[in-house]
Every structure is written in C-alpha cells, then in structure tokens.
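**Student:** Shown below is the structure under consideration.
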Amino acid sequence: MKLKIITLSTAFCVSSVQAQLAKNTGINGNISANAGFISSQSHFNTKSSSTIHSYNENTDRHGSFIAAPLGMLSYTYGDQLDRQVYIGTTRSDISIGILAFQLGYQYQLSDGLILDVSYLPTILKSETWQDPYLLDQARSTTDEGGNAFRFQIKNLLNNNLNLDLAYAVKGVENDRVTDASLARDADIYHFKADYRIPLSRTSMLKPAFTYVKQNADGKAESFDSYKLDLSWFAFIKRHKLALTAGYKIKDYDAASQIFGKARNDKAWSLFAAYEYSNVFQWQNWSFVSLAGYSDTHSNLSFYAEKQLVVSAGLNYNF
C-alpha cells in the first residue's frame, strides 16, 4: 500500500458527476495492460549501488522497464443504483498520479452525497535497505509494507468539494538502522480536500490541499507534510487530458544522531495523463499514456531524489 506515489498507471476519468454510481445494476469495471520506463535517483533505491562511502556523495541514476496489469471491478445495486462494492485501482485516483489498490464500499445519498469507505492492503511489498545509512559496506535489502483505512466524502457543496481521510500503518520487516531516532515503523494520518472549478463544458480545474502526519518510532523520521496540487482536466470528443502540478513541504520533528539537525524537504512534481477512447475504432477500448516527474530537495543532501516515469497501454471497459 502506498497512499501517494508517482508510478505506472492506466486510465482516468474526468467525466461530470453522475446521478448514479453506475449506469446499470450488476458488474462493471475496466482492465488494462501497460508498459513503461521508470528512472530513479535516490539513496533509497535498492537498484543503485549497495555501497556508499559518504552521506554527501551523489547517488547513481537507475532506469528500468516496467509492465503491469491494473483494473477495477465493481458491483452496483439498489433501487436507485446507490450502493456499490469495488476492488482495484480507481480511475479518479490514477488521473492525478495516485496508485492505491482498494477494497471498498460506497453509498450515495438522495442529495448526491457519496460516502466511501475502503481498506488498502499491501499487495506487493516494496524493497528498501535494512540500513540505508551504512557506510563502506554492502547494504542488504528488506521488505517494506503497510495497510490503510480510507474514508471519503464526495460531492459536497453542489458536487464540487471532496474530502479524503486515511489512517495507515507502515512497517519495515528488518529495520537495522543503528540510530534509534531514524526507526521507520510508523502510524500515518492523511487528510485531503479538493474542489472542482468548471471552466467550460469541456474543462475544469481542481485545486487540492493535502496534510500528512507521520508518527514514526524514531522522532527524526516523524514529520508534518503540506502539499498543494493544481489539476487541469480537458475532455474533447474522444480525447481526455489531465495535467497536475504539485509542491510539497515536509518538516521533520527532531534531529537525528547521524546528521545532527532536523530534516526539511521541499519537492515539486508534474504529472500528465492522456486517454483516447475507441482506439482503432474498437468499442470500449482506449489508448492510455502518462508521464510523471518529481524532484525533492533537502537541507540534508542524502535525502535529495528525482524520479521520472512514462508509460503507455490499452484499457478495456466493461
């Protein structure tokens, strides 16, 4: 589970608010196949050199090709088609660069308000270093994962305001960091609000504010994070486009023994997603592609990192 990530994704939806959760009762969904390339420059990337000699040295840039299927399966029921259970990755999340596998249930009230509860389990654990700060010796890898519970309130204020709250637990299986102030197991609290601003019949803006509080076992790993995003959506005939720019600040609670001062990060990101419906004149098939870039600057150069991802694929709706 990752609450926020720039990664391989599939398709997106920028349609207007529907009167119902689905067009018809029963099973609906989408599935897609994608291929792409990801490049990362980070001391926490386990594909880079396993040995470092200084906390100030530059890290290698590592690139790799990726392929993955993604999708969403839902079952809608009720006299007003106002109840739905679902599993998978939601198109609205993917459109702004968020990949989160969920098991969820949503209920739509008579006034259009939607209440959505979901569970986000770890499906594929990510890899990290047992001790990222080990010098002059080969570092060993371990797995990192977690689980989250999410509650969303959608379509407030004339269908324009959405609230997103989540609680997550993150754990590193074999955390061998010798500085206890950098222990990484953590509880994470997440709050996000976004507001839809229609520009025309074919485009809209969506500004968003996100606050994250991480309470880690190590005080130097605990932080408050503040992020502003601005997304622009356009949908013209068979074309759909979403562009998102973001800026984030992370303030850490305490200094670590290794670095002697508290960490402060500033990051900006750009993300673009495109969909072309009925590609090759195939009904319910679409071509999808994305590109994302993030750049993190830190007062501690060890934590500076950059990431680039591009992908393309086909999506099928049913």
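Numbered according to mature numbering (1 follows the signal peptide of the UniProt record, and there is no 0), the sequence shown spans residues -19 to -1, 1 to 299.
No residue lacks a Cβ here, since even glycine has one placed at the ideal position from N, Cα and C.
Please read these numbers as outputs of a predicted model, since none were measured by experiment.
(1) Comparing alpha-carbon positions, which option in Asn155, Asp205, Arg131 lies nearest Ala149?
(2) Can you tell me where the alpha helix (DSSP H) holding Leu138 begins and where it ends?
(3) Cα separation between Lys135 and Arg165?
(4) Contact between the stretch 140 to 148 and the stretch 115 to 127: three or more CB pairs below 8 Å?
(5) In this structure, how does DSSP classify Glu202 when only helix, strand and coil are distinguished?
(6) Can you check whether the CB of Gly126 is closer than 8 Å to the CB of Thr109?
(7) Consult DSSP for Asn280 and reduce its assignment to one of helix, strand or coil.
(8) Kindly list the residues whose CB is nearer than 6 Å to the CB of Tyr228, restricted to its own chain and excluding five residues on each side of it in sequence; keep chain order.
(9) Asp124: beta carbon under 7 Å from a heavy atom of the ligand FMN?
(10) Is Ala14 closer than 8 Å to Leu295 when the C-beta atoms are compared?
(11) Just to confirm the assignment: which complete beta strand (DSSP E) runs, minimum length 3, are found wholly within the stretch 180 to 258?
(12) Expressed to the nearest angstrom, what Euclidean distance is found between the alpha-carbon atoms of Lys231 and Gly59?
(13) If we define contact as Cβ-Cβ less than 8 Å, is Val290 a contact residue for chain C?
(14) My parser needs the beta strand (DSSP E) runs of 3 or more residues fully inside the stretch 35 to 86; what are they?
(15) Quick one: what's Val98 bridged to in DSSP?
(16) In chain order, what residues of the same chain lie with their CB nearer than 7 Å to the CB of Val153, ignoring the 5 residues before and after it?
(17) How is Phe261 classed by DSSP in three states: helix, strand or coil?
**Tutor:** Working from what's here:
(1) Arg131
(2) First-last of the alpha helix (DSSP H) with Leu138: 137 to 140.
(3) 33 Å
(4) With a cut-off of 8 Å, the stretch 115 to 127 and the stretch 140 to 148 do not count as touching, because too few Cβ pairs lie within range.
(5) Judged by DSSP in its simplified three-state form, Glu202 adopts helix.
(6) no
(7) coil
(8) Leu209, Trp249
(9) This structure does not include the ligand FMN; it has no bound ligands of any sort.
(10) yes
(11) 184 to 197, 204 to 217, 220 to 236, 243 to 258
(12) 44 Å
(13) Absent from the structure: chain C. Only one protein chain is present.
(14) 42 to 58, 64 to 70
(15) Per DSSP, the beta bridge partners of Val98 are Tyr86, Phe132.
(16) Thr109, Thr123, Glu125, Arg165, Asp166
(17) helix
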